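This report refers to the structure that appears directly beneath it.
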Amino acid sequence: MSATWDEIRGLAADLQRVQLASAKQRLTERNCIEIVQRLSQMGLIKLVYTCDGKAFLTEAELAKEIREELELHQHRVNVVALQEALNIDLGTVEQRVRELVKSDPELHLVNGELMHEVYFRRVAHEINEALYERGHVTLGELTKLHGLPTQTLTSIVRQYTGTVIQGSQEDDALFTDRYLRRHRARVRGCFNAAIRPLTVQQAASQLRMPEKLLRTVLDELHSAGELRGAFQGGKSTYVPSAFSAAHDDWARRFYAQNQYMELEAVRRCGLVSEPKAYLRRLLADSGQEPIVLKTCVVSPDVSAGLEAALDGVRWLDVGQAITVPLTDADVDALLSPMLGSRPDLVQVAGHYVISRKWLADLCQSFDQFLNERAEALVKSDPSLLQQQHQRRQHQLDPTDADDDGGGGQAIGKIKSGGGPGIKVKNTKNKYAAGRAANKAGGKAAASEAGTDSGRDRDSVTVSLSDVSNQLRQALEKQEEAAGFGESSVSDELIESVYELLSPTLNSNLQSRLGSVLTADSANKRQASGACQARAAALVKQMRLFERGAAALGDADLQATLNKHLAKSLGAALMCTLLEYAALSCGLDDCAKQAAAAASATGSAGLTGDQRQKLVEQLPAGEDRDWLTLINLALNGDSME
430 MSATWDEIRG
440 LAADLQRVQL
450 ASAKQRLTER
460 NCIEIVQRLS
470 QMGLIKLVYT
480 CDGKAFLTEA
490 ELAKEIREEL
500 ELHQHRVNVV
510 ALQEALNIDL
520 GTVEQRVREL
530 VKSDPELHLV
540 NGELMHEVYF
550 RRVAHEINEA
560 LYERGHVTLG
570 ELTKLHGLPT
580 QTLTSIVRQY
590 TGTVIQGSQE
600 DDALFTDRYL
610 RRHRARVRGC
620 FNAAIRPLTV
630 QQAASQLRMP
640 EKLLRTVLDE
650 LHSAGELRGA
660 FQGGKSTYVP
670 SAFSAAHDDW
680 ARRFYAQNQY
690 MELEAVRRCG
700 LVSEPKAYLR
710 RLLADSGQEP
720 IVLKTCVVSP
730 DVSAGLEAAL
740 DGVRWLDVGQ
750 AITVPLTDAD
760 VDALLSPMLG
770 SRPDLVQVAG
780 HYVISRKWLA
790 DLCQSFDQFL
800 NERAEALVKS
810 DPSLLQQQHQ
820 RRQHQLDPTD
830 ADDDGGGGQA
840 IGKIKSGGGP
850 GIKVKNTKNK
860 YAAGRAANKA
870 GGKAAASEAG
880 TDSGRDRDSV
890 TVSLSDVSNQ
900 LRQALEKQEE
910 AAGFGESSVS
920 DELIESVYEL
930 LSPTLNSNLQ
940 SRLGSVLTAD
950 SANKRQASGA
960 CQARAAALVK
970 QMRLFERGAA
980 ALGDADLQAT
990 LNKHLAKSLG
1000 AALMCTLLEY
1010 AALSCGLDDC
1020 AKQAAAAASA
1030 TGSAGLTGDQ
1040 RQKLVEQLPA
1050 GEDRDWLTLI
1060 NLALNGDSME
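Residue 744 in this note's numbering sits at position 315 of the sequence shown; the count goes up by one each step and never skips.
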């Protein structure tokens, strides 16, 4: 041991002598610079020059000085600050810093700052101190406090949690175990004290804690069986057991008392998302499976009572037959299986049931009304008779149409031999020609005729206003017989019953209208035949009187007699022809006046102006034109 110390002391003495000795040769500064440049050019050394060029460093020296500056700045320094302190080009400093970071895992380059792992550990200690003081901290607060990016701070927290940092992380927050235990107790007390459904979002707001942390605590408490309740809706709503039991008891009592339960009422409580399945399960213990409808469930007793009420019913308001408030959709669902086996009943207006037999009886009660309506239509609208006449002519052959019965061929041209003659157009042939033209026109001509003269017969129907009062009386009478108090006959029901009856009523009206028109047409054909017979008789009389006047041989007397003949028998013939034309056009009043004038004598007959007024009542056409000419001829002296 002593020998070793002797050697050390000898070496120290040799070093001292060398240091104190003076060199025999010295290099100038210029020589040193040239030697360094030569070595650098040969690639034997790598140098880094300062910004002013007065000094240079090796790369190892630069790395050493960077580490010294980093330690001097407490293991966190900006690269720009390094450049200013070392007086080295910024690009060179940045390049060397990146090389150091790659080679040394304890060095980190963050947003232009060089940091050492020692600094990260110190930050972790500061976070732990803040967490211990406050119980919880957020990454946002730590980011502002330390001026570090969130990603870097998250990496530090993840690395040192459980070692330096004594706590746990939940999203962007850190908590101590003591903080978690305290809030766990608060959550347990809050949820066990709840008497109504509580959402997790509401609870997080009231407890002032992050929602995700609250969900984690709730999962732990629920798994441990420390909560008296259950979660619904994807664990977003907590329903206390007391509330569930009270709600179930309320639903059972309401259903037992009222025989129904609305689905919306169950849904409004916020307890059940599928009320149909809930009520099936809840009410299955009652012994009778509830009937599930669109908006509610009803007891089978309600269905049985309604089915009993339908036996022998004429019409029934389902709303009055049962005490359960049902919508039209519910009534449809309840009645469908019942009416499927009861073809004698029909459902109308949503919640009414009517017997088809009663509908048939009700339809028969309108027979008198339909008869009166048909007769009134024929009297008020002569165009219906014209249409009936046209239809009949279309159904007959032209030869059959000419045979309207009774002496038509007698009305023709009458002329005496050698003397003034009486010329009368063949009215029957004229009407036959008109009917032939109508028949040639087909349905289009018939339609146009019906449109021009009045309403079409097929358009005559029974409207709701015609039968509404009688329908209401029949429904109210049956309602009183059923023993209902307040009347429930609504306009909707009357309209629905009318829609059911209208096809039959319209068909019956058309049938009765056809019968009335047929009977009236027969009467008019008989009257027309009588007109033709009277016209033929008048023509024969006029021909005899004309021959007698001609046989007298006195021209003046013959002219006087012919004038008298025109004003008497000629006027009667003209009125008979006018009556025939009016009957053909369906103008009953005009025909009656013409018939009365034809049978009148002397001053009781019509004047020429009065006859012309009757002629003008005829529809415009050839009929009115030639009757006008005849009327004018009666005022002259000639029989031509």
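We treat Cβ as the ideally placed atom computed from N, Cα and C, and that holds for glycine.
Note that the structure is predicted; figures quoted are calculated from it, not measured.
Top-ranked residue by Cα proximity to residue i, from the options
i, options, result
"Trp923", "Asn991, Arg972, Val782", "Per the sequence shown, residue 923 should be read as Ile rather than Trp. Closest by alpha carbon: Val782."
"Ile556", "Asn621, Val747, Leu568", "Leu568"
"Thr890", "Leu708, Leu900, Gln686, Asn935", "Asn935"
"Pro772", "Asp740, Ala758, Ala750", "Asp740"
"Ser728", "Asp761, Leu711, Arg709, Tyr689", "Tyr689"
"Asn937", "Arg963, Phe795, Ala978, Arg972", "Phe795"
"Tyr548", "Leu538, His651, Arg505, Asn621", "Arg505"
"Thr1005", "Ala750, Gln503, Leu967", "Leu967"
"Gln466", "Cys480, Ala484, Thr933", "Ala484"
"Thr479", "His502, Gln512, Leu449", "Gln512"
"Phe974", "Ala984, Leu990, Gly596, Arg963", "Leu990"
"Ala964", "Val526, Leu981, Ala1010, Ala978", "Ala1010"
"Gln717", "Ala685, Glu691, Ala962, Thr756", "Ala685"
"Arg785", "Thr433, Pro932, Val775", "Val775"
"Thr756", "Pro766, Gly779, Ser765", "Gly779"
"Val742", "Leu788, Pro754, Val731", "Leu788"
"Leu708", "Leu486, Leu444, Arg682", "Arg682"
"Ala514", "Gln503, Glu497, Val530, Gln524", "Glu497"
"Thr645", "Asp677, Ala674, Leu609, Phe798", "Leu609"
CB of residue i within 7 angstroms of CB of residue j, strictly
i, j, result
"Glu546", "Glu528", "no"
"Glu463", "Lys475", "no"
"His960", "Glu1008", "In the sequence as displayed, the identity of residue 960 is Cys instead of His. In this structure, Glu1008 lies closer than 7 angstroms to Cys960 by Cβ."
"Ala803", "Arg697", "no"
"Val695", "Lys705", "no"
"Ser925", "Val777", "yes"
"Leu499", "Leu538", "no"
"Pro552", "His575", "Note on identity: in this sequence residue 552 is Val, with Pro being the wrong assignment. Yes, the Cβ-Cβ distance between Val552 and His575 is below 7 angstroms."
"Lys573", "Asp600", "no"
"Arg611", "Leu650", "no"
"Ala680", "Lys723", "no"
"Arg1076", "Asn621", "Residue 1076 cannot be examined here, being either before or after the span of the chain that is shown, 430 to 1069."
"Ala903", "Leu806", "no"
"Leu712", "Pro719", "yes"
"Leu560", "Thr605", "yes"
"Val760", "Val747", "yes"
"Leu1047", "Ala1000", "no"
"Glu905", "Val896", "no"
"Leu998", "Gln1022", "no"
"Leu636", "Arg607", "no"
"Val701", "Val731", "no"
Inter-residue CB distance, residue i and residue j (contact presumed, cutoff 8 angstroms)
i, j, result
"Leu603", "His565", "6 angstroms"
"Gln580", "Thr590", "With 8 angstroms as the limit, Gln580 and Thr590 do not qualify as a contact, their Cβ atoms being about 16 angstroms apart."
"Leu491", "Val509", "With a Cβ gap of about 16 angstroms, Leu491 and Val509 do not count as contacting."
"Ile751", "Leu768", "So it is not a contact: roughly 15 angstroms between Cβ atoms."
"Ala738", "Leu745", "6 angstroms"
"Ile1059", "Met971", "Not confirmed; about 13 angstroms, so no contact."
"Asn507", "Gly541", "6 angstroms"
"Ile624", "Phe660", "With a Cβ gap of about 16 angstroms, Ile624 and Phe660 do not count as contacting."
"Gln1041", "Thr1057", "7 angstroms"
"Val526", "Ile495", "7 angstroms"
Beta-bridge pairing of residue i - partner residues as DSSP gives them
i, result
"Arg446", "BP columns for Arg446 are empty, so no partner."
"Ala659", "Val668"
"Glu691", "Cys725"
"Tyr478", "Phe485"
"Tyr781", "Asp746, Val777"
"Ser597", "Phe604"
"Val506", "Leu543"
"Thr567", "Ala602"
"Leu791", "DSSP lists no partner for Leu791."
"Ile720", "Val727"
"His537", "Met544"
"Thr628", "Thr666"
"Thr590", "Ile594"
Check: residue i C-beta below 6 angstroms from any heavy atom of the ligand HEM
i, result
"Leu642", "This structure lacks the ligand HEM, and indeed carries no ligand of any kind."
Are there three or more Cβ pairs, one per stretch, closer than 8 angstroms when the stretch 663-673 is compared with the stretch 617-634?
-> yes
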